[in-house]
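Number of protein chains: 2
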Amino acid sequence: MAEFLNLLPPEEARHRWLQALEHHTAAERIATAQALHRITAEAVLSPHPVPPFNRAEVDGYAVRASDTYAASEGLPVYLHVIAEVPMGKAPLFQVLPGQAALIHTGGMVPMGANAVVMVEHTQRISESEVEILRPVSVGEGLILAGEDMEKGQVVVPAGTRLRAPEIGALMALGITEVRVARKPLVGILSTGDEVIPPEQKPEPGQVRDVNSYTTAAVVQQCGGEPLRYGIVPDDREALQRRLRDALDACDMVVITAGSSASVRDMTAEVINSLGAPGVLVHGVNTKPGRPTILGIVNGKPIAGLPGNPVSALINAWLFVKPAIEQLQGLDHPRPTPLLRARLRTNLASEAGREDWWPVRLHRTEDGWEAEPLHYKSNLIFKLAEADGLLKVPADATGLEAGALAEVMLWE
Amino acid sequence: MAEFLNLLPPEEARHRWLQALEHHTAAERIATAQALHRITAEAVLSPHPVPPFNRAEVDGYAVRASDTYAASEGLPVYLHVIAEVPMGKAPLFQVLPGQAALIHTGGMVPMGANAVVMVEHTQRISESEVEILRPVSVGEGLILAGEDMEKGQVVVPAGTRLRAPEIGALMALGITEVRVARKPLVGILSTGDEVIPPEQKPEPGQVRDVNSYTTAAVVQQCGGEPLRYGIVPDDREALQRRLRDALDACDMVVITAGSSASVRDMTAEVINSLGAPGVLVHGVNTKPGRPTILGIVNGKPIAGLPGNPVSALINAWLFVKPAIEQLQGLDHPRPTPLLRARLRTNLASEAGREDWWPVRLHRTEDGWEAEPLHYKSNLIFKLAEADGLLKVPADATGLEAGALAEVMLWE
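Here you go:
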């Protein structure tokens with residue numbers, strides 16, 4: 001098992017792989033209303049200032065601030081009310097010294113006025129006159145044109161994953177179409193003579209194909225478009241042919257390989273036979289998951305995941321997710337929702353290896369507690385019971401009960 | 412502003428509303444491969460035991476454990492090798508006392524054998540004979556039929572949101588179709604004379620419709636199917652007509668109401684006019700967000716969100732999300748990914764009110780730090796810059812720099 005002589009830490013493996021990846025999917029223009037979770041292909045700039053005019057922030061009177069400096073409750077300033085600012089229209093008049101105009105929140109501050117006195121600090125004494133009971137400074141009670149957003153300012157940088165707030169910001173500016181990266185098409189192959197489609201009944205020694213479907217789910221969650229290429233027998237020519245087809249058609253390929261070392265070696269050899277640079281990483285120091293293969297052929301990334309369904313799933317999160325994001329040019333990844341939880345029991349681990357344990361989470365007064373789920377063999381059922389996976393860092397020789405650890409939640 | 416005399420804490424508001432909600436969407440049968448994030452409408456049971464037979468967990472020799480009890484490195488036990496268990500087939504022979512059969516991982520343990528000795532603890536001395544160098548106990552080296560999953564055992568309970576691990580578990584059992592709750596259809600109305608479609612250019616005093624689109628994004632993320640009913644003017648008849656249409660066609664309706672108290676009161680009155688029990692909550696003690704209305708008409712939930720885009724978004728997360736989940740019968744909500752972060756600066760707050768502050772997160776050696784983003788008016792742009800919202804609990808009169816707080820991440 002030559003590949004295990006050189007196990008890389010996951011961070012380093014990911015770095016070595018993605019650093020060599022230059023392929024990006026093309027851009028396409030779509031409706032902003034349909035763009036949730038897509039990644040921007042270019043910076044989106046504000047087409048106009050926001051607000052587009054000086055806007056009242058309160059209900060009150062638009063005034064020249066200097067007219068109010070002497071005002072107090074005991075000795076109010078009297079101003080001449082010349083008009084009411086119409087809502088939804090630009091005022092056609094100007095506020096001169098000694099004058100005021102009634103204005104409502106959101107209204108356009110008329111020329112001449114440079115502040116708005118809140119209605120609470122005024123007393124209307126007649127149709128044409130108002131008492132000002134407090135002084136205001138220049139700019140008080142209004143928002144200057146361009147104060148929220150200048151014309152040409154970046155609203156959403158390139159490489160941003162669009163969430164509800166970004167969609168709202170674009171709509172607020174009337175940007176109803178947006179250029180985003182095309183969803184990467186990800187080909188998925190399962191290999192193994194013993195693997196059969198899930199709808200068939202396994203004979204002894206056969207197992208149903210789980211990995212094609214869990215991998216497809218991960219691809220879908222990460223913004224990719226999964227395309228299943230089915231099950232390939234443990235045959236070099238067959239694997240080579242199917243992999244070449246998938247590489248031609250897709251932006252990326254994920255193979256879940258058989259569990260024996262010879263099949264893994266064959267996968268690596270086939271990847272190398274298809275083009276440069278070929279395999280870049282062969283073996284990653286995680287549990288579960290060691291026999292992961294990461295390569296690039298003709299600019300397109302290929303991930304060979306272990307055949308064990310749980311190893312495949314964990315390594316899909318660790319490697320397939322960031323690759324799909326990079327293919328779309330994601331440049332500002334948001335923090336991943338790792339929960340911090342206190343371990344309920346001791347967990348043993350080998351130093352130098354990053355372990356991921358299925359845990360159930362419990363809410364307590366002091367935060368979260370993680371209960372490790374123990375399992376014998378078919379961990380996929382345990383994983384379905386788990387809220388997430390607890391990370392035992394590579395530099396730890398296990399964690400003690402009560403220790404704080406990070407938990408990756410399945411979405 | 413009568414509604415504000417009786418502001419409820421968000422927890423209590425949510426409870427009062429959802430407790431009165433009995434409507435569920437109907438179930439439908441779909442392909443498991445297409446069921447990511449759907450919610451099961453019934454418990455899924457295992458159709459057969461897993462493994463379906465006693466299965467070797469290691470490469471080695473299937474034996475009767477009692478034959479090995481005397482074995483040691485110095486004084487091995489000699490057993491007669493009668494056959495090799497074929498992969499992918501049931502063995503047609505039986506292991507008798509004094510006998511052993513070569514078996515590979517995953518192979519079916521033959522009748523008579525009740526343990527498997529690892530190949531590392533054996534020495535094959537001839538075609539027909541093997542030395543056993545260590546004793547094994549009954550059950551060692553194998554997984555009993557049904558040990559992972561008994562026939563009829565619950566694989567996925569009813570009301571579970573399907574993630575990749577559940578999809579894998581179902582596929583492993585050959586369950587390629589699954590009954591899930593139909594996606595709730597959620598009608599979305601924006602109200603306000605000043606609101607215009609995003610593709611139009613606003614006159615002074617007009618604002619573009621942001622809320623229809625951010626609400627639709629939240630609905631989509633929570634597993635609902637958004638249906639936009641457009642912008643309704645501040646007119647009682649018009650609102651009543653459009654709301655009745657939406658209620659007839661959808662499982663739930665969300666209205667983002669105008670900002671003035673009179674328009675909110677009109678919304679509440681129209682909801683009450685359409686059927687019992689009508690408005691259940693009028694005003695929630697959060698910032699931003701106070702004028703939230705929650706009601707039920709003819710069994711269907713209606714949420715009236717504040718017109719301010721940020722208030723609308725936050726309250727959609729607080730109220731629309733759990734309602735959509737309950738409409739689908741979600742019974743086992745997974746922990747929400749709230750991050751714990753240390754505040755970089757002091758934050759003031761009123762006691763008794765739950766505040767949500769937009770923050771940017773920074774990774775440090777000790778975990779996350781939250782930098783509050785300050786804003787003057789058009790917070791939707793700040794929200795687009797934020798990684799999430801930091802919660803200032805209702806019982807706090809603000810938080811000090813260095814305090815640990817919870818941050819809700821936008822997905």
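Note that the protein sequences, when read in sequence, are chains A and B.
Here the first sequence is numbered in the numbering used here, starting from 1 and rising by one per residue.
Here the second sequence is numbered in the numbering used here, starting from 412 and rising by one per residue.
In this text, a Cβ means the ideal position worked out from N, Cα and C, and glycines have one as well.
Could you check the C-alpha separation between K391 (chain A) and A627 (chain B) for me, to the nearest Å? If you take the alpha carbons of K391 (chain A) and A627 (chain B), they lie about 35 Å apart.
Taking 7 Å as the limit between beta carbons, can you name the residues of its chain near F4 (chain A), skipping five residues before and five after? A caution first: F4 (chain A) carries a pLDDT of 49, below 50, which makes its placement in the model too unreliable to give a value.
Along the chain, where does the beta strand (DSSP E) containing S126 (chain A) start, and where does it finish? From DSSP, the beta strand (DSSP E) with S126 (chain A) extends over T122 to S126.
Contact set between L227 (chain A) and chain B, taken where Cβ atoms lie within less than 8 Å: Contact of L227 (chain A) with chain B by beta-carbon distance below 8 Å is absent, the smallest such distance being about 12 Å.
Classify E736 (chain B) as helix, strand or coil using the three-state DSSP reduction. Looking at E736 (chain B) - three-state DSSP - the assignment turns out to be helix.
Should L810 (chain B) be flagged as near chain A, meaning a C-beta pair shorter than 8 Å? No, its Cβ sits nowhere closer than 8 Å to a Cβ of chain A.
Assign H743 (chain B) to one of two classes, buried (16 or more other C-beta atoms within 10 Å of its C-beta) or exposed (fewer than that). Counting Cβ neighbours within 10 Å, H743 (chain B) comes out exposed, since fewer than 16 surround it.
Using a Cβ-Cβ cut-off of 6 Å (strictly less than) and excluding sequence neighbours within five positions of V566 (chain B), which residues of its own chain qualify? Excluding sequence neighbours, V566 (chain B) sits near V455, S457 and A580.
Residues in the region 643-669 of chain B with C-beta within 7 Å of chain A's C-beta atoms, listed in sequence order? Listed in sequence order: no entries.
Close-in-space but distant-in-sequence residues of the same chain around E371 (chain A) (CB under 7 Å, 5 per side omitted): R344, V359, R360 and H362, listed in sequence order.
Let me know the secondary structure DSSP gives Q631 (chain B) once reduced to three states. Note: Q631 (chain B) maps to helix in three-state DSSP.
Grab the span of the alpha helix (DSSP H) containing R241 (chain A) for me, first residue to last. Element bounds for R241 (chain A): R236 to A249.
Could you check the C-alpha separation between S601 (chain B) and V643 (chain B) for me, to the nearest Å? The alpha-carbon separation between S601 (chain B) and V643 (chain B) amounts to approximately 6 Å.
If we define contact as Cβ-Cβ less than 8 Å, is M1 (chain A) a contact residue for chain B? Unreliable placement is indicated for M1 (chain A), whose pLDDT of 39 sits below 50; no coordinate value is reported for it.
If you compare alpha carbons, which of B:G778, B:I493, B:T747 and B:L800 is closest to L758 (chain B)? Closest by alpha carbon: B:L800.
State buried or exposed for K594 (chain B), treating a residue as buried only when at least 16 other CB atoms are found within 10 Å of its CB. By the 16-neighbour rule on beta-carbons within 10 angstroms, K594 (chain B) is buried.
Span of the beta strand (DSSP E) holding T388 (chain A)? Reading off the sequence shown, one finds Gly at residue 388 (chain A), where the question assumed Thr. Start and end: G388 to V392.
Given R16 (chain A), which residues of its chain have a CB within under 8 Å of its CB, disregarding the five upstream and five downstream residues? The beta carbon of R16 (chain A) is closer than 8 Å to those of L8, L280, V281 and L294 in its chain, skipping five residues each way along the sequence.
Tell me, which residues are paired with R29 (chain A) by DSSP? Beta-bridge annotation (DSSP): R29 (chain A) is paired with A:R179.
Contact between the region 80-89 of chain A and the region 599-615 of chain B is defined here as three or more beta-carbon pairs at a separation below 8 Å; is this criterion met? Contact between the region 80-89 of chain A and the region 599-615 of chain B is present: 3 or more CB-CB pairs across the two stretches fall below 8 Å.
Inter-residue spacing [alpha-carbon to alpha-carbon] between G398 (chain A) and G641 (chain B): The alpha-carbon of G398 (chain A) is positioned some 56 Å away from that of G641 (chain B).
Local conformation of H435 (chain B) per DSSP, three classes: Three-state result, H435 (chain B): coil.
Please report the distance separating the alpha-carbon of G275 (chain A) from that of P301 (chain A). Looking at the backbone, the Cα of G275 (chain A) and that of P301 (chain A) are separated by about 11 Å.
With a cut-off of 8 Å, do at least 3 Cβ pairs link the region 432-452 of chain B to the region 480-493 of chain B? Contact between the region 432-452 of chain B and the region 480-493 of chain B is absent: fewer than three C-beta pairs spanning the two stretches fall below 8 Å.
Tell me whether the beta-carbon of V186 (chain A) lies closer than 8 Å to the beta-carbon of C250 (chain A). Contact: yes.
Would you grab the beta carbon distance between L741 (chain B) and I543 (chain B) for me? Rounded to a whole angstrom, and I think it's under 8 Å. Rounded, the Cβ-Cβ distance is 53 Å, inconsistent with contact.
Which residues does DSSP list as the beta-bridge partners of D355 (chain A)? Per DSSP, the beta bridge partners of D355 (chain A) are A:K287 and A:V392.
Enumerate, from N- to C-terminal direction, the unbroken alpha helix (DSSP H) stretches of 4 or more residues contained entirely within the region 543-619 of chain B. Every unbroken stretch of the alpha helix (DSSP H) spanning 4 or more residues and falling wholly within the region 543-619 of chain B is given here in chain order: 575-583.
Using the beta-carbon count (16 or more within 10 Å), is H121 (chain A) buried or exposed? With at least 16 other beta carbons inside 10 angstroms of its own, H121 (chain A) counts as buried.
Unbroken beta strand (DSSP E) runs of length 3 or more, entirely within the region 76-107 of chain A: which are they? Segments of the beta strand (DSSP E) lying fully in the region 76-107 of chain A: 77-84 and 99-103.
Quick check on K833 (chain B) - is its C-beta less than 8 Å from some C-beta in chain A? Nothing can be reported for residue 833 (chain B): it is not among the residues displayed for chain B, which extend from 412 to 822.
What does a CB cutoff of less than 6 Å around E561 (chain B) pick up in its chain, not counting 5 residues either side in sequence? If we look at E561 (chain B) and ignore the five residues flanking it on each side, its Cβ neighbours are P460.
For V621 (chain B), which residues in chain A fall below 7 Å Cβ to Cβ? Here the neighbours are G168, M171 and A172.
Can you find a C-beta in chain A that's less than 8 Å from the C-beta of I599 (chain B)? Closer than 8 Å: no.
In angstroms, rounded to a whole number, what distance separates the CA positions of R340 (chain A) and G402 (chain A)? Their backbone Cα atoms lie some 12 Å apart in a straight line.
Considering only C-alpha positions, which residue in the set A:D67, A:I380 and A:E325 is nearest to P135 (chain A)? It is A:D67 whose Cα lies nearest to the Cα of P135 (chain A).
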